[in-house]
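**Q**
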Amino acid sequence: MSWEDNVRKVVPYVPGEQPKIRNIIKLNTNECPYPPSPAVKERLGSLDYDDFRLYPDPSASNLVRAISDYYKVPEYSVFVGVGSDDVLAMAFLTFFNSGKPILFPDITYSFYDVWAELFRIPYRQVPLNDDFEIVKEDYYVENGGVIFPNPNAPTGIPQSLEMIEDVIRHNQDVVVIIDEAYIDFGNKSCLDLINKYDNLLVVQTFSKSRAMAGMRIGYAFGSSRLIKYLQDVKYSFNSYTMNIPSIELGTAALSDDAYFKDVCKRIVATRERVKESLKELGFEMFDSSSNFLFVRHREHSGKDIFDYLRENGIIVRRWDAPRIKEYLRISIGTDGQMDRMLEVLGQMLGR
Ligand SMILES: *Cc1c(COP(=O)(O)O)cnc(C)c1O
Numbered sequence: 011m012s013w014e015d016n017v018r019k020v021v022p023y024v025p026g027e028q029p030k031i032r033n034i035i036k037l038n039t040n041e042c043p044y045p046p047s048p049a050v051k052e053r054l055g056s057l058d059y060d061d062f063r064l065y066p067d068p069s070a071s072n073l074v075r076a077i078s079d080y081y082k083v084p085e086y087s088v089f090v091g092v093g094s095d096d097v098l099a100m101a102f103l104t105f106f107n108s109g110k111p112i113l114f115p116d117i118t119y120s121f122y123d124v125w126a127e128l129f130r131i132p133y134r135q136v137p138l139n140d141d142f143e144i145v146k147e148d149y150y151v152e153n154g155g156v157i158f159p160n161p162n163a164p165t166g167i168p169q170s171l172e173m174i175e176d177v178i179r180h181n182q183d184v185v186v187i188i189d190e191a192y193i194d195f196g197n198k199s200c201l202d203l204i205n206k207y208d209n210l211l212v213v214q215t216f217s218k219s220r221a222m223a224g225m226r227i228g229y230a231f232g233s234s235r236l237i238k239y240l241q242d243v244k245y246s247f248n249s250y251t252m253n254i255p256s257i258e259l260g261t262a263a264l265s266d267d268a269y270f271k272d273v274c275k276r277i278v279a280t281r282e283r284v285k286e287s288l289k290e291l292g293f294e295m296f297d298s299s300s301n302f303l304f305v306r307h308r309e310h311s312g313k314d315i316f317d318y319l320r321e322n323g324i325i326v327r328r329w330d331a332p333r334i335k336e337y338l339r340i341s342i343g344t345d346g347q348m349d350r351m352l353e354v355l356g357q358m359l360g361r
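Residue numbers (this note's numbering): 11 to 361.
Structural data, given as structure tokens:
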């Protein structure tokens with residue numbers, strides 16, 4: 011008998027690398043290539059450092075109020091956390107306790123199975139179809155809960171509101187979580203459905219479209235009962251999760267809607283342009299509704315292209331998983347960064 015027999019052993023999630031080298035083109039973790047709104051910088055300058063002696067507001071009420079105003083949702087329907095990873099982990103812990111397997115796609119955000127393992131939640135990974143689409147009927151079976159991103163990651167493929175509502179309607183006895191990390195890049199949020207279905211949790215983040223991954227701000231919308239249960243678990247875990255700068259700077263970011271919309275528009279425009287150029291270079295891809303492209307080359311292996319880009323200072327994301335090992339997920343950077351990537355690919359492919 012050893013103490014090691016009783017350790018909770020987990021295989022941790024592996025995030026995309028954060029290289030220390032400066033002039034690398036980093037297209038591997040879907041961060042925003044532009045800085046946050048100038049309103050954030052201004053608020054940063056006016057933070058009172060003497061306040062850092064104090065614990066932050068445990069309910070992050072400034073931020074909750076700003077999210078409630080911006081999305082026109084009552085404050086009791088808003089939950090905030092340290093990035094949507096924190097929100098999602100709390101939601102797994104709170105809602106997935108039936109003992110029946112929860113369902114999510116086989117190709118999706120690779121944190122879901124990690125949390126399921128961590129919390130000992132049984133799960134079943136439902137295969138996407140050959141076009142990498144989520145098949146809604148696959149979710150019309152007995153289960154302990156449902157979660158998937160819309161648009162899905164890393165494919166970028168969006169689901170319609172009708173499809174999402176059908177899944178919720180067929181799953182009234184469990185909690186359904188829709189992870190909308192990339193919703194601001196061209197797809198429609200299912201937020202309004204929280205008024206109709208009290209078992210729906212919609213999760214979003216400041217990390218991608220609001221250019222604040224480093225501040226760790228995530229949030230969720232749901233019925234008052236759903237949010238209350240989440241809060242009870244969160245306050246049983248750690249009262250002070252969001253720090254003072256995150257609460258205040260997140261609030262400031264929401265005040266500058268013009269900047270936010272402009273950044274999203276620029277990223278979408280770059281994405282569409284790069285898509286055409288990649289097709290000319292012999293790449294195939296899905297129509298992405300996110301700030302990344304999931305691509306495969308007709309002739310060259312995913313690994314060869316990944317390695318070539320890396321040797322030339324460009325980092326993208328690739329998974330050594332059976333169905334997607336020939337694919338690369340390329341985050342949309344600035345126009346300059348994308349032009350450099352296209353130039354390097356042109357060299358490799360002799361075009
Ligand atoms: C990036 C991402 C998240 C987590 O983002 P946070 O930085 O923790 O807010 C959650 N879900 C998906 C699908 C993501 O791609």
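We put the CB at the ideal spot given by N, CA and C, even for glycine.
Restricting to Cα atoms, I'd like to know which of Q357, M348 and G343 is closest to Y318.
**A** Q357
**Q** Taking only runs of the beta strand (DSSP E) that begin and end inside the stretch 172 to 222, which ones reach a length of at least 3 residues, in chain order?
**A** 186 to 189 and 210 to 215
**Q** Let me know the alpha helix (DSSP H) ranges lying completely inside the stretch 20 to 90, each 4 residues or longer, listed in chain order.
**A** 48 to 56 and 71 to 81
**Q** Please confirm whether any heavy atom of ligand 1 lies closer than 7 Å to the CB of T215.
**A** yes
**Q** Which class does E147 belong to by DSSP, given the choice of helix, strand or coil?
**A** helix
**Q** Sorted by chain position, which residues of the same chain lie with C-beta nearer than 6 Å to A70's C-beta, five sequence neighbours on each side aside?
**A** V90, M252 and I257
**Q** DSSP has H307 in a bridge; who is on the other side?
**A** F293
**Q** Candidates A126, Y81 and G260: which alpha carbon is nearest M225's?
**A** G260
**Q** So A331 is in the alpha helix (DSSP H); what residue range does that whole segment cover?
**A** Segment: none, A331 is in no alpha helix (DSSP H) and carries neither H nor E.
**Q** Give a single yes or no on whether D202 has its beta carbon closer than 7 Å to a heavy atom of ligand 1.
**A** The answer is no for D202.
**Q** Just mark K289 as buried or exposed, buried being the case when its beta carbon has 16 or more other beta carbons within 10 Å.
**A** exposed
**Q** Helix, strand or coil for V156, going by three-state DSSP, please let me know.
**A** strand
**Q** Within the present structure, is the beta-carbon of N40 separated from the nearest heavy atom of ligand 1 by less than 7 Å?
**A** yes
**Q** Counting only the same chain and skipping the five closest in sequence on each side, list residues whose C-beta sits under 7 Å from that of I9.
**A** Since the first and last residues shown for the chain are 11 and 361, residue 9 lies out of range.
**Q** With burial defined as no fewer than 16 other Cβ atoms inside 10 Å of the residue's Cβ, what is the status of R281: buried or exposed?
**A** buried
**Q** What does the alpha-carbon distance come out to for the pair S108 and R130?
**A** Approximately 11 Å between the Cα atoms of the pair.
**Q** CB-CB under 6 Å to D194, same chain, minus the five flanking residues each way: which ones, in chain order?
**A** S219 and C274
**Q** Out of R328, W13 and I340, which one is the CA nearest neighbour of G24?
**A** Gly is not the amino acid found at residue 24; the sequence shown has Val there. Of R328, W13 and I340, the residue nearest in Cα terms is R328.
**Q** Between D189 and the rest of its own chain, which residues show a CB-CB distance below 6 Å, the 5 nearest in sequence each way excluded?
**A** P159 and V213
**Q** Under the three-state reduction of DSSP, which class applies to S234: helix, strand or coil?
**A** Helix.
**Q** Measure the alpha-carbon distance for N16 versus L355 and round it to whole angstroms.
**A** 50 Å
**Q** Kindly indicate which three-state DSSP category S94 falls into: helix, strand or coil?
**A** S94 sits in a helix when the DSSP states are folded into three classes.
**Q** Just tell me which of D183, I342 and Q169 has its CA closest to the CA of G154.
**A** D183
**Q** Might you give, ordered along the chain, the residues of its own chain that have their beta carbon closer than 8 Å to the beta carbon of G228, omitting 5 neighbours on each side?
**A** Spatial neighbours of G228 in its own chain (CB-CB distance under 8 Å, excluding positions within 5 residues in sequence) are listed in chain order as V90, G91, V92, G93, S94, D95, D96, V97, L98, V213, Q214, T215, F216 and S217.
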